[in-house]
Every structure is written in C-alpha cells, then in structure tokens.
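Each protein sequence line maps, in turn, to chains A and B.
Under the numbering used here, the first sequence has 54 at position 54, and the numbering climbs by one with no breaks.
Under the numbering used here, the second sequence has 1074 at position 74, and the numbering climbs by one with no breaks.
A virtual CB, placed ideally from N, CA and C, is assigned to each residue, including glycine.
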Amino acid sequence: MIWTRLSALIVKELLAAFRDPRARAALIGPPIIQLFLFAYAATLEVSNVPIGVLNQDWGVASTQLISRFERASAFSEIRHYSSLDQVQAAIDSQQVMIVVHFGQDFSRLLAAGEPAAVQLLLDGRKSNSAQLVNGYVGTIVRQFSEDYAKGNAASEVVDRSWYNPNRDYRNAMVPTLIGILSMTMVLMTVGMSVARERELGTFEQLLVSPLQPLEIVIGKAVPGLIVGMTQGAVMTLIVIYGFGIAMTGSVLLLFAGLAVFLVAVIGVALFISSLVANQQQAMMGIMVFMMPAMLLSGFASPVQNMPAWLYPVAMFNPLTHFMVIMRGVFLREMPFWLVAERIWPMVLIAAFTITAATWLFRRRTQ
Amino acid sequence: MSRQRTSASLRRIRALIRKESLQVVRDPSSLVVGFVLPALLLLLFGFGVSFDASRVRVGIVAEEPTPETSMFVASLSNTPFFHVQRAADRRAFLDQLSAGRLDGVIVLAGDFSERLARGDTAGVQVITDGSDPNTAGLVSGYVSGVWQSWQSQRALSAGMKVQALITIEPRFWFNAELESRRFLVPGSIALIQMMIGALLTALVVAREWERGTIEALLSTPVGIGEFIVGKLVPNFLLGMCAMGVCVLAALFVFHIPLRGSLFSLIAFTAVFLMVALSIGLLISTVAKTQFIASQLAMLAAFLPGLYFSGFLFETASMPAVLRAFSTIVPARYYVRGLQTIFLAGDIVAILVPCTAILLLMSTILFALTAFNTKQRLD
C-alpha cells in the first residue's frame, strides 16, 4: 500500500520536473553550457601571451637567450623595447605581463665567468598568472645558464608531476563536472518542486491526500536521486569517452560516493524548497547555497589555502569531500580506504541535512 | 496629447522612482540580490578563494641521510612556504599524495652527497600532484628556487667561485606581496555590480510584465523614457551604495591599497553600472517571467563575468572563439580598470579606452532596449 502510494508520487514528481518546457530548459541548458565552459574556459594556465624584452646588452649571450624565448610555446610573440620608460608604459597598459631586462654588461660578465643578472619585471595585478610566467621564464633562463656553462653545470631539480604529467587543466577540471552538474540538476529539480506546488496551489491537495509528511519527503527525494545518478552516469561516460580522460580508480567507489553526496544535496534542496514561497525565491535560495558550495570546495583553488576559520565550513560542504573523490578516482588511483575516509563525513552531512529538511517540512505542513 | 506624453515630467519621474524604490526595499528577493549575494561573493572571493599556496604540504625523503641532505632539508623547512614532513622511504608518502593530503614529495636520492661533490646533475626529485596543476607548478617552482639559492650559498660559504650563472631577479610590480586576494576582490566587485545591475533590474521589470501592471502603467501619461528612468534610478543608487560598501570592505577588511583616485573609481563604476543596468533592461524586454529573467541574467551577465572577465581565468589561454567572445564581455573592461585603479593608479592608457568601450556598449544596449520595448507594446 505504502509502496504504491510512494511509487505513484515518484512518477508524478519525475513527470512534473520534465513536463514543463521552461523547467526542462532550465535543467538541460545549464549543464551543456557548463560542460563547454569547464572544458575550454576554466584554465589557470598561461599560454599564448606576449613577452617583452629590454635588451641593453650588445653581446651574443642575450641574443641566444632571447631566441630561446621565441621557441617557447607559452609565448605568442616577443616585443622589443628600447628604454625603461617604454617598459613601464607597456606593463602599465597591460600590453605585456612580463618584461625581461638584460643589463649592459650581461654578455661580458658571462664570458668572463662572472655572475650576470637578468631582471624580470612582472605585472602583479594578476599575481597568479605573473607567477606562472615567472616560472616559465625562470626555467628557460636556468636551462640556458646550465648549457652555457657546460661541464660544470649547476644541478637542476628533476621535476615530475604524477597523475597528470602535463599538468593539463582539462584533466583536473572536467571530471569534477560529474559532481557539479548532478548537484545543479538535483538542486533545481528538488529545490523547485515544493515551491512549484505551493505556487500552483497543489500543495494543499498533496497534504489532504493519505500521504504522510515523511512519505512526501521520500517522494520528493527519490526522483532527485534518480535524476542525479543518471546525470552523473551520463557525465562519467562523456568524461571518459568524450574527453578521453581515463579512470584509474574504481567506478563503484565513484558511484557510491555520488549517491551519498546527492542525498546530502537533496536534503539541502528540500530545506530550501520548504522555506520559500515561490519558484523565483527558490532560485535565489539555490544560488545562495551553490556559490559558497562551489567556491569553498577546492574546485577553483585548494582548500588548504583558506584561512583556518573557513576550514570547518569547507569540511561541512559535501562537495569538498566529493571533489577529492572525483579527482582521486579519476586521476590518482585512489584506493578503497582513502575513498571511504571521504564518504563517511558525507554520510554525516547527509543525515543532518535530511533530518533538518524533514523537520522543517513537518513544521510547514502542520 | 501625444506631445504631452513625450515630454518628460519631473513630478512623474519622481513618483515613479519612489514607487520603484519601495518595491525594491519590500521584496525579499531584491534584498537577497542587493545585499546577501554581494556580501557572500565578497567574502568568498576575499577569504575563500586563494591561489597563494602559502602552506604547501610536502613530504621529504632522504634515502641516505648525510650532513648535506639534512642541511638542504633544514633550508627547505626554514622557508615559510613549506610545511614539511619527513620519512626515510618514499612509499610512506604515496598514499598521502593520493589522498590529497600532500602537495608534493621531495626525494633526495641515495647518492645525493656524492653527486653534489662531483658537481653532477642533482639528486633532487620533486613529485607533485598533477591533479591540481596550479599548486603543482608553484611547488616545483618553490623547490627549485630553494635549491638554487642553497647551492649558491653553499658555494659561497665554501669559498668557491660561483660558476656561471645567471641570477634571476623577479620584480612584481603593483603587488609585491603576491597576494591573489588583491586581484580577486576587485574582480568580485565587478561580479557584484553585474548582479545588482542586470539581475535585479531584469527581475523588477519582469515582475511588471508578469503581473500585467506594465500595461496599466504605460496607459497613464508616463512615457517609455520616463518609465525606464524610473526603473534605473533606484537600481543605480543601490549599485552605488553596494559599491561604497565593497570599497570600504576592500580597503579596511581586505587591506587592498587604493592607488588611483576616488573620483576615477566612482566615475568608472557609474559607467559600468549603466552597462549592467541596460543589460538587465534588455533581458526584461525579452523575458516574460521573473524565472526566465533570472535564468537569462545568470547566463548573459553572471557566467560571462565569472569566466571571461579575466579575473579568475586567463583569457589569452582560451581557444580563439572564446577569446573573441571575451572581447564583448563588459565585465572584462571593468575588471581591468578596477584592478588598475586599486593596484596601479589612474593609468590613462587603460582607463580611457575601457571607459570608451563601456560607454559604447551601454549606448547600443539602451538603443536596443528602447526599440524592443516599443515593439512589444505595439
């Protein structure tokens, strides 16, 4: 009896979520746009930037070094300047992010076996990009320095990146779409559901039906889980076959993590949904949850860079844990016990959000 | 009669502004867009997002401990960047790296001291976690920096002549402390202005369409121009107030310097706000409901501002199509100007072109809005 009632409600919820064309557009449009943005726009990499040179040296060494910059793939072109004033103007107006400055006696000092300095002038308005460019130029200069003094080479550090040898942003960003898109989808379907009923006036009808409040909660949560898991599965296929990013860990672990993560998110969505009066307010509520959830998850910048007082907030964010699982299972061959370490906090969060949602739901229905 | 309609009346405009202001203040979702989201964004970008790997967690493995290895380990631990753990075997750290609890592992090979004595290639290996490319790059940069300076110090203290060597002297202008917060906070101010201008305006006008009150309003002697002015003024003022709060927070909470003048900050913001408001108006002429309006505002204003304004992601590294698209994103010019006003000063070569482009954009958008509104009413 209870099962027929529940399954009827679940079917009704799924139909309601996808029947309305504007709701359907809101569910299907954003994932496609985000997929595109993540794959092609979300990169902190710096490439294709011009580099400036102020060469006051007339020797061979500086010319040789400059020709190495020309061959570097990170730089689109070399712009030559003839005075510090020009350099100042070029950096001020952001024509270049970096200018390499060779002093008058650069080649002479090198030829004499004495240390020579190269000055790098960088635009700190974009300190992250500037630091990366500084790193590229530094590597080229050190390599040159070593080759120049062949025989008694200064020893270099051997640098390897595991899990993603070329430090490709796409490999790091695209797998996280599985969690982010299914989260968006679930928030939209579940978050809008109660608000829509209230807006249309059907909520009272639901309340006078034989369904108990807890059954209504389950009836609203299960369709969200179905939609989210489906979305997650589709995204996993796209990540693996569309972008060719191999999964090094276990699919089962990924989906176990996804299920727990989605239950936690559904709790939040139900909470928002029973708090608001109409769909537009539900949208606002979803945004107020999504922005911090995204930005404090380690998706844009690492969690450990946050100040200590924000750390607990990040730990209470289910996406923080699932972010580690997604990157871990795809790139880092994460074993079972390390994944489990990230699943149990999400179980606690899920228990909390679902309980809170049910409590609020009961209060609103009485 | 038609003459009377077209000529604007100050009294009517004042009444409209009063009505709109009351509507903004009374609606809870306007308050969310006007106050809650801006505060949230500012806090998130000021505190939550940071590219400064100030506490890089590395594991160090000295396979064969010697006086040299412990000297190098000591110089690594002494730099403020590293939070160092030690072990004798690299296997001890592999799970930690896989769990994301370490950002890198530094391995000093068994023959580290021998190689050093021979002046041979180094026995230092850095293994970084490529699943976070940005931190991985910073870690390897830091380690090779420490390695270089450790070597030259060692050579100097041993009385050896430093061989070859080109020293690199980086100078970061405008942001010597290399704090990512200094460019993220101005960037988030642009997002906030975009949200208030576009999202709030779109919602307010869409509500009039949704409830059918716009026909009622336009059947009164109020002309389209007056109607638009009445919608714009309260949102403009709200945007400027939000700007004031953001600037105070930037200066006193986040300690970001203001090297340009207050005048250029205000004037430049006013110009950008006009663009944001006109985007909001244009959206509201297309969208029939508040729900669609908020969706469109997110798509047309917020997402491009986040991805293509160049404050988070480098537009130069994107594929050519996206690079071309980023040139029509207004937030891009505003972010560039704001970062300059805050960190560098009133640089004419940046501010004048950016202002001109923004003015052009708002003119085009207003013209489109006026055209669309007329069409819709006829």
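Looking only at its chain, what residues have a beta carbon closer than 8 Å to the beta carbon of residue i, apart from the 5 residues adjacent to it on each side?
i	result
T1079(B)	Y1142 and V1146
L348(A)	none
M185(A)	L27, P31, V227, G228 and Q231
L132(A)	L44, E45 and V46
N1372(B)	L1282, T1285 and V1286
V82(A)	The question names Val, yet the displayed sequence has Ser at residue 82(A). Excluding positions up to five away in sequence, the list reads L54.
I2(A)	E215
S1070(B)	A1062
S161(A)	R167
So does residue i have its beta carbon nearer than 8 Å to some heavy atom of the ligand MN?
i	result
A221(A)	With respect to small molecules bound, the structure shown includes none, and the ligand MN cannot be examined in it.
Are any of the Cβ atoms in chain A nearer than 9 Å to that of residue i?
i	result
L1273(B)	no
M1298(B)	yes
L1238(B)	no
M1194(B)	no
N1078(B)	no
P1257(B)	no
T1213(B)	no
I1189(B)	no
Q1295(B)	yes
S1098(B)	yes
E1314(B)	yes
Using C-beta distances below 6 Å, list every residue in its chain close to residue i, excluding the 5 sequence neighbours before and after it, in chain order.
i	result
G285(A)	I272 and V276
P1038(B)	I1192 and A1242
A16(A)	none
Q1339(B)	F1183 and P1186
At the 9 Å Cβ level, is residue i part of the contact set with chain B, yes or no?
i	result
Y333(A)	Reading off the sequence shown, one finds Glu at residue 333(A), where the question assumed Tyr. Output row for E333(A): interface = yes.
Y241(A)	no
F144(A)	yes
I343(A)	no
D85(A)	no
M283(A)	yes
W3(A)	no
M291(A)	yes
G29(A)	yes
Y163(A)	yes
D105(A)	no
I33(A)	yes
L275(A)	no
V324(A)	yes
V158(A)	yes
L177(A)	no
With a CB to CB cut of under 7 Å and the five nearest residues on each side skipped, what residues in its chain are close to residue i?
i	result
S1278(B)	S1362, L1365, F1366 and T1369
A1293(B)	A1202, L1203, A1206, I1283, S1284 and A1287
F316(A)	I349
F352(A)	none
Y1307(B)	F1313
S1188(B)	L1041, L1042 and F1045
S107(A)	D57, G59, V60, A61 and S62
Per DSSP, which residues does residue i bridge with? Please list them.
i	result
N55(A)	F102(A)
H80(A)	V53(A)
E1169(B)	Q119(A)
A1301(B)	Its beta-bridge partners do not exist; DSSP assigns none.
I1127(B)	R160(A) and V1105(B)
G1059(B)	Q1085(B) and V1105(B)
F367(A)	No statement about residue 367(A) is possible, as the shown extent of chain A runs from 1 to 366 and does not include it.
Under 7 Å between beta-carbons, which chain E residues line up against residue i? List them in chain order, please.
i	result
D1129(B)	You won't find chain E in this structure, because its protein chains are A and B.
Exercise. What are the uninterrupted segments assigned as beta strand (DSSP E) that are 3 or more residues long and contained completely in the segment 87-158 of chain A, given in chain order?
Worked result: Qualifying beta strand (DSSP E) stretches, in chain order: 98-102 and 116-123.
Exercise. Enumerated in chain order, which unbroken segments of the alpha helix (DSSP H) with a length of 4 residues or greater are wholly contained in the segment 1183-1260 of chain B?
Worked result: Runs found: 1201-1211, 1213-1218 and 1224-1248.
For this session: Entirely within the segment 1076-1102 of chain B and at least 3 residues each: give me those beta strand (DSSP E) ranges in chain order.
Result: Qualifying beta strand (DSSP E) stretches, in chain order: 1082-1087.
For this session: Please list the residues of the segment 37-69 of chain A that have a C-beta atom closer than 7 Å to any C-beta atom in chain B, keeping them in chain order.
Result: Taking 7 Å as the Cβ-Cβ cut-off against chain B, the residues of the segment 37-69 of chain A that qualify are L37, Y40, A41, A42, T43, L44, E45, V46, S47, N48 and V49.
Problem set entry | Contact set between the segment 1148-1177 of chain B and chain A, restricted to residues whose Cβ is under 7 Å from the partner | So the close ones are Q1151, V1162, Q1163, A1164, L1165, I1166, T1167, I1168, E1169, P1170, R1171, F1172, W1173, F1174, N1175 and A1176.
For this session: Can you check the segment 170-218 of chain A for any alpha helix (DSSP H) of at least 4 residues that lies completely inside it and give the ranges in chain order?
Result: List check, alpha helix (DSSP H) in window: 177-200 and 203-208.
For this session: Pull out every residue of the segment 1030-1064 of chain B whose Cβ sits closer than 9 Å to any Cβ of chain A, in chain order.
Result: Within the segment 1030-1064 of chain B, the residues whose Cβ lies closer than 9 Å to some Cβ of chain A are V1032, V1033, V1036, L1037, L1040, L1041, L1043, L1044, F1045, F1047, G1048, V1049, S1050, F1051, D1052, A1053, S1054, R1055, V1056 and R1057, listed in chain order.
Problem set entry | Cβ-based contacts, 7 Å cut-off: residues of the segment 117-143 of chain A near chain B | Cβ contacts with chain B come from A117, V118, Q119, L120, L121, L122, D123, G124, R125, K126, S127, N128, S129, A130, Q131, L132, N134, G135, G138 and V141.
For this session: Quick one: which residues of the segment 1317-1339 of chain B get their C-beta closer than 8 Å to a C-beta of chain A? List them in chain order.
Result: Hits within the stretch, in order: S1317, M1318, P1319, L1322, R1336 and Q1339.
Exercise. Going along the chain, which residues of the segment 300-321 of chain A sit with their C-beta nearer than 7 Å to a C-beta in chain B?
Worked result: Cβ contacts with chain B come from A300, S301, P302, Q304, N305, M306, P307 and L310.
Problem set entry | Whole alpha helix (DSSP H) elements within the segment 274-345 of chain A, 4-residue minimum | You should have 279-295, 311-316 and 318-331.
For this session: Note down, in chain order, all residues in the segment 205-235 of chain A with a beta-carbon under 8 Å from any beta-carbon belonging to chain B.
Result: Going along the segment 205-235 of chain A in chain order, one finds no residue with a Cβ nearer than 8 Å to chain B.
Problem set entry | Residues, ordered as in the chain, of the segment 243-256 of chain A that lie near chain B by beta-carbon distance below 7 Å | Listed by position along the chain: nothing, the set is empty.
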